[in-house]
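**Student:**
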Amino acid sequence: MPARAAGSPAEVFWAFLKLGLTAFGGPIAHLGYFRDELVLRRRWLDEAGYADLVALCQFLPGPASSQVGFALGLWRAGPLGALAAWTAFTLPSAIILMLFALAAATLDGPLAQGVLHGLKLVAVAVVAQAVWGMARSLTPDRTRASIAVLAMAAVVLLAGAIGQVLAIVLGVAAGLLWCRNLPIPSSTPMHFAVSRRLGGAALGLFAILLLGLPLLASVAGNHGLALFDGFYRAGALVFGGGHVVLPLLEAETVARGWLSSDSFIAGYGATQAMPGPLFTFAAYLGAAETPTPNGVIGAAIALVAIFLPGLLLLIGVLPFWNGLRARPLAQAAMRGANAAVVGILGAALYDPVFVSAVQGPLDFALVTAGFVALVAWKAPPWVVVLALGCAGGMIGVAS
Numbered sequence: 003m004p005a006r007a008a009g010s011p012a013e014v015f016w017a018f019l020k021l022g023l024t025a026f027g028g029p030i031a032h033l034g035y036f037r038d039e040l041v042l043r044r045r046w047l048d049e050a051g052y053a054d055l056v057a058l059c060q061f062l063p064g065p066a067s068s069q070v071g072f073a074l075g076l077w078r079a080g081p082l083g084a085l086a087a088w089t090a091f092t093l094p095s096a097i098i099l100m101l102f103a104l105a106a107a108t109l110d111g112p113l114a115q116g117v118l119h120g121l122k123l124v125a126v127a128v129v130a131q132a133v134w135g136m137a138r139s140l141t142p143d144r145t146r147a148s149i150a151v152l153a154m155a156a157v158v159l160l161a162g163a164i165g166q167v168l169a170i171v172l173g174v175a176a177g178l179l180w181c182r183n184l185p186i187p188s189s190t191p192m193h194f195a196v197s198r199r200l201g202g203a204a205l206g207l208f209a210i211l212l213l214g215l216p217l218l219a220s221v222a223g224n225h226g227l228a229l230f231d232g233f234y235r236a237g238a239l240v241f242g243g244g245h246v247v248l249p250l251l252e253a254e255t256v257a258r259g260w261l262s263s264d265s266f267i268a269g270y271g272a273t274q275a276m277p278g279p280l281f282t283f284a285a286y287l288g289a290a291e292t293p294t295p296n297g298v299i300g301a302a303i304a305l306v307a308i309f310l311p312g313l314l315l316l317i318g319v320l321p322f323w324n325g326l327r328a329r330p331l332a333q334a335a336m337r338g339a340n341a342a343v344v345g346i347l348g349a350a351l352y353d354p355v356f357v358s359a360v361q362g363p364l365d366f367a368l369v370t371a372g373f374v375a376l377v378a379w380k381a382p383p384w385v386v387v388l389a390l391g392c393a394g395g396m397i398g399v400a401s
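Plus 2 on top of the position in the sequence shown (first one is 1) and you've got this note's numbering.
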């Protein structure tokens, strides 16, 4: 496998723009799109190298599919290729969600409110599907299922970001104690043109921002800085990406009074109809929040902040990954952390997603139908969004 850039940033940009406009279905589906387009059709790298890259990005906190895309751009065309890949894959859905946030404030009347309620029901079905799928893959035994339950209890008993961070820490500790005897998957070494010095600098910057931003935001009293801090922390602490960021973002926005729970859930439902990474939900939240800066500036701040920690971690770990993933303790810690992620998402499915959306038997029936369509019929998420949005609109008009 080549160890140097073999393409141009423009080539990377157009390849990922196509993916950013057409890759529906969440992070697991995105990895399938990447494989079809970049491994099988364009032959940028082989199957073994791609599998190893996916394993690395699933090991780290942050948006796994965006990290894979960033790394593929780096592999293909160097640093400019990495930036081109992230920009092209992220901006299409981010721009649409920002515009939706700006328009949602002006929506009124039974039809509009009914559609927004339908989007909230979509969020219930989609998060339930995520919990179901992640539980099957990340908690396949009694030990990890028990870790998930303990993590759920931690989140329920200690509301907000503190409970979620504690759940991850407990998951890591439990993994180190009880998940050390499982086999380590084989790997194919993959070498990027990232020096250990650059990797160490990226890890140092990640830690400085994670620890320093809360202090700086509290001293400065500036909402833009507080917004960046909240979304940076959410991106830094979420394992599994995608739907798992939901409870962290809820704690950083709704719990702090920056926007209403109804607006949060409606925006999350709309995000399910978008191609590209689910982390672009941050663009909606930054634009829709009440304090200033909001709108376009708020969307830009939130979007950069939520992606930055995952990309810094990726750059930081690339030079050390081949040695790190061979260590049994590292694998055990990640098994425990992944099990805790299932518990965190299960708690979020109940509150705020279910309790704020399902208001009666008809809502429950629609959510169940959406869940069955996603899980049993393998319907694309945008189809479920369209169906439940229309159903919500009709119910709104009829009532």
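Ideal Cβ positions, reconstructed from N, Cα and C, are used throughout, including at glycine.
Taking Cβ to Cβ, would you say LEU390 is nearer than 9 Å to GLY372?
**Tutor:** In this structure, GLY372 lies closer than 9 Å to LEU390 by Cβ.
**Student:** Excluding the 5 residues preceding and the 5 following PHE15 in the sequence, name in chain order all residues of the same chain whose CB lies nearer than 8 Å to its CB.
**Tutor:** So the qualifying residues of the chain are ALA86, ALA87, THR89 and ALA90.
**Student:** At 4 residues or longer, what runs of the alpha helix (DSSP H) sit wholly inside the stretch 211-293?
**Tutor:** Listed in chain order, they are 225-239, 247-254, 263-273 and 283-290.
**Student:** Rounded to the nearest angstrom, how far is the Cβ of LEU215 from that of PHE194, given a contact under 8 Å?
**Tutor:** About 28 Å separates the two Cβ atoms, so there is no contact after all.
**Student:** Rounded to whole angstroms, how far is the Cβ of ALA272 from the Cβ of PHE18, which I believe are closer than 8 Å?
**Tutor:** At roughly 22 Å, the Cβ-Cβ gap does not stay under 8 Å, so ALA272 and PHE18 are not in contact.
**Student:** Under the DSSP definition of a beta bridge, which residues are partnered with PRO94?
**Tutor:** Its beta-bridge partners do not exist; DSSP assigns none.
**Student:** Just curious, the alpha helix (DSSP H) that LYS380 is in, first and last residue?
**Tutor:** First-last for LYS380: undefined, no H or E at that position.
**Student:** Starting from ARG337, trace the alpha helix (DSSP H) both ways and give me its first and last residue.
**Tutor:** Its alpha helix (DSSP H) spans residues 330-350.
**Student:** Go through its chain and collect everything with a Cβ distance to ALA359's Cβ below 8 Å, but skip five positions before and after it.
**Tutor:** Answer for ALA359: HIS119, LYS122, LEU123, ALA125, VAL126, ILE267, ASP365 and VAL369, listed in chain order.
**Student:** Buried or exposed: which applies to HIS32, given that a residue is buried once 16 or more other Cβ atoms fall within 10 Å of its Cβ?
**Tutor:** It counts as buried.
**Student:** Please report how far the alpha carbon of ALA5 lies from the alpha carbon of ALA203, in whole angstroms.
**Tutor:** Low local confidence applies: a pLDDT of 47 at ALA5 is under 50, so the model's placement there is unreliable, with the coordinate-based value given in what follows. Their backbone Cα atoms lie some 22 Å apart in a straight line.
**Student:** How far does the alpha helix (DSSP H) with TRP46 in it extend, from its first residue to its last?
**Tutor:** Where TRP46 is concerned, there is no enclosing alpha helix (DSSP H), given that its DSSP letter is neither H nor E.
**Student:** Could you compute how far the alpha carbon of LEU21 sits from the alpha carbon of PRO277?
**Tutor:** Rounded to the nearest angstrom, the two C-alpha atoms are 8 Å apart.
**Student:** What do you reckon, are the CB atoms on LEU250 and LEU239 nearer than 9 Å?
**Tutor:** Yes; because the gap between Cβ atoms is below 9 Å, this pair is in contact.
**Student:** What do you reckon, are the CB atoms on VAL319 and LEU58 nearer than 9 Å?
**Tutor:** Their beta carbons are under 9 Å apart, which means VAL319 touches LEU58 by this criterion.
**Student:** So, with DSSP's three-state summary, where would you put PRO81?
**Tutor:** DSSP places PRO81 in helix when its eight states are reduced to three.
**Student:** What residue range is occupied by the uninterrupted alpha helix (DSSP H) comprising GLU13?
**Tutor:** GLU13 -> alpha helix (DSSP H) spans 11-24.
**Student:** Sort GLU252, ALA302 and ASN183 by Cα distance to ARG329 and report the nearest one.
**Tutor:** When only C-alpha atoms are compared, the closest one is ASN183.
**Student:** Does DSSP classify ASN296 as helix, strand or coil?
**Tutor:** DSSP places ASN296 in coil when its eight states are reduced to three.
**Student:** Could you name the residues of the same chain whose beta carbon sits closer than 7 Å to that of ALA393, not counting the 5 residues immediately before and after it, in chain order?
**Tutor:** Excluding sequence neighbours, ALA393 sits near GLY120 and LEU368.
**Student:** Heavy atom of the ligand SAH less than 8 Å from the Cβ of LEU217, yes or no?
**Tutor:** The ligand SAH is not part of this structure, which contains no ligands at all.
**Student:** Here's the rule I'm using: 16 or more other beta-carbon atoms within 10 Å means buried, otherwise exposed. How should GLU254 be labelled?
**Tutor:** Buried, because 16 or more other Cβ atoms sit within 10 Å of the Cβ of GLU254.
**Student:** Who are the near neighbours of ARG337 in its chain, counting only those whose CB is closer than 6 Å to its CB and skipping five residues on each side?
**Tutor:** Excluding positions up to five away in sequence, the list reads GLY177 and CYS181.
**Student:** Quick one: using the 10 Å Cβ neighbour count with 16 as the cut-off for buried, is LEU74 buried or exposed?
**Tutor:** Buried, by the Cβ-count rule.
**Student:** Tell me whether ASP143 sits in a helix, a strand or coil according to DSSP, three-state version.
**Tutor:** Residue state, collapsed to three classes: coil.
**Student:** If distances are taken between C-alpha atoms only, which option among VAL167, LEU211, ALA169 and THR141 comes closest to LEU315?
**Tutor:** Among VAL167, LEU211, ALA169 and THR141, the Cα nearest to that of LEU315 belongs to LEU211.
**Student:** What three-state label does DSSP hand SER148 in the structure shown?
**Tutor:** SER148: helix per DSSP, three-state reduction.
**Student:** When the Cα atoms are used, what is the spatial distance from LEU99 to PHE208?
**Tutor:** Looking at the two C-alpha atoms, the distance is approximately 27 Å.
**Student:** Give the range of the alpha helix (DSSP H) segment to which GLY362 is assigned.
**Tutor:** Run containing GLY362: none; DSSP gives neither H nor E here.
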